[in-house]
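> Line by line, the protein sequences give chains W and E.
Under this note's numbering, the first residue of the first sequence is numbered 286, with each subsequent residue one higher.
Under this note's numbering, the first residue of the second sequence is numbered 628, with each subsequent residue one higher.
Note that beta-carbon positions come from the ideal geometry of N, C-alpha and C, so glycine has one too.
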Amino acid sequence: MCRASIHDYTALAKGRRKDFRCVLPTVIFANSLFNRRVISIAISSQKGGVGKTTLSINLAHAFARAGLNTLLVDADPQGSVGLSLTRQSRLLAGFYDFLADPSIPMERLMIPTRLETFALVAAGQASDYEAGNSSSGSHLARVRAFLHNAASRRYDICLIDTAAGLFGVTNDIISSADAVIIPQQAEPLGIRSVPKLLEGLNRLRITNPRLNVLGVCLTMIQHGLAESTEAASALRQLLPEEMLFQTAIPRDEIFIRASAKGLPVGVLEDGRGAGTVFDSLRAEVQAKLARSRGASTYQPH
Amino acid sequence: MDPVNPWLDPSEVRHLAEQLLRPVAPVRLSAADHGFDESFVGFTSGGVVHVVPEVKMTVEPPPLSAAPVSPPTPEPPPYPPSHILFLQRIHIFRDWLAKNFQATDIFILDREGKVIFDESGHGRLHFMARNLAIASRGSGNIHVKIGPAAILELIPCETPYGHIVLGALVPNALPVGHVQTITESLIQTASPA
Chain W
286 MCRASIHDYT ALAKGRRKDF RCVLPTVIFA NSLFNRRVIS IAISSQKGGV GKTTLSINLA
346 HAFARAGLNT LLVDADPQGS VGLSLTRQSR LLAGFYDFLA DPSIPMERLM IPTRLETFAL
406 VAAGQASDYE AGNSSSGSHL ARVRAFLHNA ASRRYDICLI DTAAGLFGVT NDIISSADAV
466 IIPQQAEPLG IRSVPKLLEG LNRLRITNPR LNVLGVCLTM IQHGLAESTE AASALRQLLP
526 EEMLFQTAIP RDEIFIRASA KGLPVGVLED GRGAGTVFDS LRAEVQAKLA RSRGASTYQP
586 H
Chain E
628 MDPVNPWLDP SEVRHLAEQL LRPVAPVRLS AADHGFDESF VGFTSGGVVH VVPEVKMTVE
688 PPPLSAAPVS PPTPEPPPYP PSHILFLQRI HIFRDWLAKN FQATDIFILD REGKVIFDES
748 GHGRLHFMAR NLAIASRGSG NIHVKIGPAA ILELIPCETP YGHIVLGALV PNALPVGHVQ
808 TITESLIQTA SPA
């Protein structure tokens, strides 16, 4: 097992054990929902810089705090998850190393944290790592092998922070995942990229018909900036209600402070409020997964 | 000023989003459509592929007196007039291919795997073609048996428009001479006037 030095955020988390009690009903619900089979969720966007990594880290942490065995995979060649949470991410074998050589045992890739239910896989050092521009389909079998291996380690949930844009390895991940969440920055330019993203996802559902598009999550909302709130409101009018998460992630300096310390925001002393946002998002994700299990057909408005 | 709506078509976006919320209709495979049958492992869903036991290959010695028989190579398609559009030229090529080689479900992908021309309507066929073309990059044409009487023939080809991959279902694997004729015809068809 790789023993990389993870920042000591879980020591802080230990002080919050009572959180587990308050979410216990959810945990029981979730375990029966997931039926001990890993649910893989890609976090993907058309455009970069929309807060994908922040969402991935903090949503994964919210799942782990709720008692679900959670694996957070950094599939972004920029390696942002690793750079955010591990000091040694530039030395660790990771996801791209597995794609280059699937004989690497998963134990070498998985980085434990002090939160028992939370582990990471860094992006890695393989030569494809920097490029990240291989053709779609070329890594499909290995991505599926990776997820299969994660399932055999009894993870409940596997969140995959992908590179921006729907191509290359990101396509292969979405073509293999159970679900996808789309972070979308609440600003006009980002929202203009939405049609291209939706087209891309429709195309990928041909190869992965079971892909559950959980929806768009508005990020970096600036309540004091008219352009940001107007863009958010325009997107809410544009998309069907079911396609948008009610939870939106605000732009807040606390996210910068958290990443500077290598911590999920929820473990900062003053991060309880921000952490609650991700608890709410986590609950929405679980509800959507549960609904999709019982869903028959979607009725548009 | 509305920051979003002037830049995109709301009805199109809504349609795309609603499409994503609907379950994908299961792909119906029937011999009448594409010639695939249940034994074709490439379309098996659920990640479990049953491995077919290896078939022992036997090589029969050729009959001593028989001269090698190669099927006659069809005439290339009529050179399309310079004024007609690229897609119309492709249609002339398609008709020639269908008539002379009993090819069906013809499609053409560009170097990024995007569909330029398609009459198969079968996304998984394109997906398979992309994977095979990537896996055998630079090694010429590929054919894969995908049904009792269906071979997926893939012919990668460098044209003035870039690298493209022609895919078609044929009843039997194409001999080298035919592949060469098709490649030359495709280059001719895809060459700007």
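1. At the level of alpha carbons, what is the spacing between N727/E and P701/E?
2. Using the Cβ count rule (16 or more neighbours within 10 Å means buried), how would you classify E527/W?
3. So which of T816/E, P783/E and S747/E has the shortest CA-CA distance to R757/E?
4. In its own chain, which residues sit with a C-beta less than 8 Å from the C-beta of R557/W, not counting the 5 before and 5 after it?
5. Tell me whether I809/E sits in a helix, a strand or coil according to DSSP, three-state version.
6. Since E785/E is in the beta strand (DSSP E), which residue starts that stretch and which ends it?
7. CA-CA distance, L425/W and I458/W?
8. Once the 5 residues before and after W770/E are set aside, which same chain residues still bring their CB inside 6 Å of it?
9. What does V651/E reach in chain W if we use C-beta pairs closer than 7 Å?
10. Cα-Cα, which of N456/W, Q363/W and A435/W is closest to I396/W?
11. I'd like to confirm the pairing. Which residues does DSSP put opposite F744/E in its beta bridges?
12. Determine the closest residue to N487/W out of N343/W, V465/W and S341/W, with distance taken between C-alpha atoms.
13. Taking just the CA atoms, how far does I814/E sit from D737/E?
14. What are the residues in the region 733 to 751 of chain E lying within 8 Å of chain W by C-beta distance?
15. Smallest Cα separation from L793/E: which of L648/E, P704/E, F720/E and P650/E?
16. Which chain E residues sit within Cβ distance under 8 Å of P645/W?
17. Closest to A760/E by C-alpha separation, out of H749/E, P775/E and K741/E, would be which residue?
18. Considering F403/W, what are the terminal residues of the alpha helix (DSSP H) in which it resides?
19. Skipping 5 residues on each side, what residues in its chain have a beta carbon closer than 7 Å to that of S513/W?
20. Put A360/W into one of helix, strand or coil per three-state DSSP.
21. By the three-class DSSP mapping on this structure, what secondary structure does L643/E have?
On the basis of the data shown:
1. Spanning the two alpha carbons is a distance of roughly 7 Å.
2. Taking all protein chains shown into account, E527/W has 16 or more neighbouring C-beta atoms within 10 Å of its C-beta and is therefore buried.
3. Residue P783/E holds the alpha-carbon nearest to the alpha-carbon of R757/E among T816/E, P783/E and S747/E.
4. Annotation for R557/W: G551 place their beta carbon closer than 8 Å to its own, counting only its chain and skipping 5 residues before and after.
5. Per DSSP, reduced to three states, the secondary structure at I809/E is helical.
6. Its beta strand (DSSP E) spans residues A777 to T786.
7. If I take the Cα positions, the gap works out to 7 Å.
8. The residue asked about is misnamed: residue 770/E is His in this sequence, not Trp. For H770/E, the CB contacts under 6 Å within the same chain, skipping 5 residues up- and downstream, are I778, E780 and A800 in chain order.
9. Within chain W, the residues placing a beta-carbon under 7 Å from that of V651/E are R490 and P494, ordered along the chain.
10. The residue among N456/W, Q363/W and A435/W with its C-alpha nearest the C-alpha of I396/W is A435/W.
11. In DSSP, F744/E forms a bridge with I735/E.
12. Each of N343/W, V465/W and S341/W was checked against the Cα of N487/W, and the nearest Cα belongs to V465/W.
13. Put simply, the backbone Cα of D737/E is about 13 Å away from that of I814/E.
14. Residues of the region 733 to 751 of chain E with a C-beta less than 8 Å from any C-beta of chain W: E739, G740, G750 and R751, listed in chain order.
15. Proximity to L793/E across L648/E, P704/E, F720/E and P650/E peaks at F720/E, based on C-alpha coordinates.
16. Look at the range of chain W in this structure, 286 to 586, and you will see that residue 645/W is not part of it.
17. Measuring from the Cα of A760/E, the nearest candidate turns out to be K741/E.
18. Careful: F403/W lies outside any alpha helix (DSSP H), inside the beta strand (DSSP E) at F403 to V406.
19. Residues of the same chain with a CB within less than 7 Å of the CB of S513/W, apart from the 5 flanking positions on each side, are A471, E472, I506 and Q507 in chain order.
20. Looking at A360/W - three-state DSSP - the assignment turns out to be strand.
21. In the structure shown, L643/E adopts helical secondary structure according to DSSP, grouped into three states.
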